[in-house]
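Numbering (our numbering), first residue to last: -5 to 192.
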């Protein structure tokens, strides 16, 4: 049976994209395959980040098929390789922010016990979520299309917006008009986190 790491790498390699091997190498050295998907919410376990990325990819590919069936004109703006790239790599920025710690938590009897957990440390390359992922991928040598860059950059959508300026909101609106991949990745990310990983 294939491990999650093997499944992730196989899907990424299926895109035949220049720079994929460098991305895999860099993600391995950063701890992507061991990192949790969050510190307290969905898949806050070792290996949760790769599992979440795979879930988002599977949901995104299914949504792509449904949307193309409903409107075949979307086929050109939702190429399968772009869906795989954007969904698998949307959260690479999380590779190095989780630090394992032991936390105190009350058990069912009200007794404090030690429980493994994670603290957040943004000190290594502190940028915004989507921006950091895009820059990390470009630095690794991955050949990204403009639509893939936009989908990864804007995948946080409403989670980022309360803290953003009017200019950034206008940029997001313009990007969404040009790039249906953004809506697909936002939907897949939300469905995976809230329905598959609860």
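Glycine included, C-beta positions come from ideal geometry on N, C-alpha and C. Predicted model, so just to flag it, every value in this text is computed and none were measured.
Here residue 113 carries a strand assignment [DSSP, helix/strand/coil].
Beta bridge pairing from DSSP links residue 108 with 98. Under DSSP, the beta-bridge partners assigned to residue 92 are 114. Spatial neighbours of residue 28 in its own chain (CB-CB distance under 7 Å, excluding positions within 5 residues in sequence) are listed in chain order as 40 and 41.
The continuous stretches of alpha helix (DSSP H) do not include residue 10, and DSSP gives it neither H nor E.
Pairing residue 82 with residue 146 gives a Cβ-Cβ distance that is not under 8 Å. Remark: C-beta atoms of residue 64 and residue 174 do not approach each other more closely than 8 Å.
Here residue 176 really is in contact with residue 169; their C-beta atoms are around 6 Å apart, less than 8 Å. Around the C-beta of residue 106, fewer than 16 other C-beta atoms lie within 10 Å, and the residue is accordingly described as exposed.
For residue 108, the closest C-alpha among the options 97, 114, 116 and 115 is that of 97. In this model, residue 190 and residue 112 are separated by some 21 Å (Cα to Cα).
When the five nearest sequence neighbours on each side are left out, the beta carbons in the same chain lying within less than 7 Å of the beta carbon of residue 119 are those of 126, in order along the chain. In the displayed model, residue 71 falls within coil according to three-state DSSP, outside both helix and strand.
The three-state reading of DSSP puts residue -3 in coil, since its state is none of H, G, I, E or B. In the DSSP assignment, residue 134 falls outside any alpha helix (DSSP H), carrying neither H nor E. Closest in C-alpha terms to residue 26, from the list 13, 7, 3 and 12, comes 3.
Within the same chain, and ignoring the five residues on either side of residue 186 in sequence, the residues whose Cβ sits closer than 7 Å to its Cβ are 46, 49, 50 and 53. Note on geometry: alpha-carbon atoms of residue 7 and residue 79 lie some 10 Å from one another.
For residue 13 and residue 66, the gap between their C-alpha atoms comes out near 30 Å.
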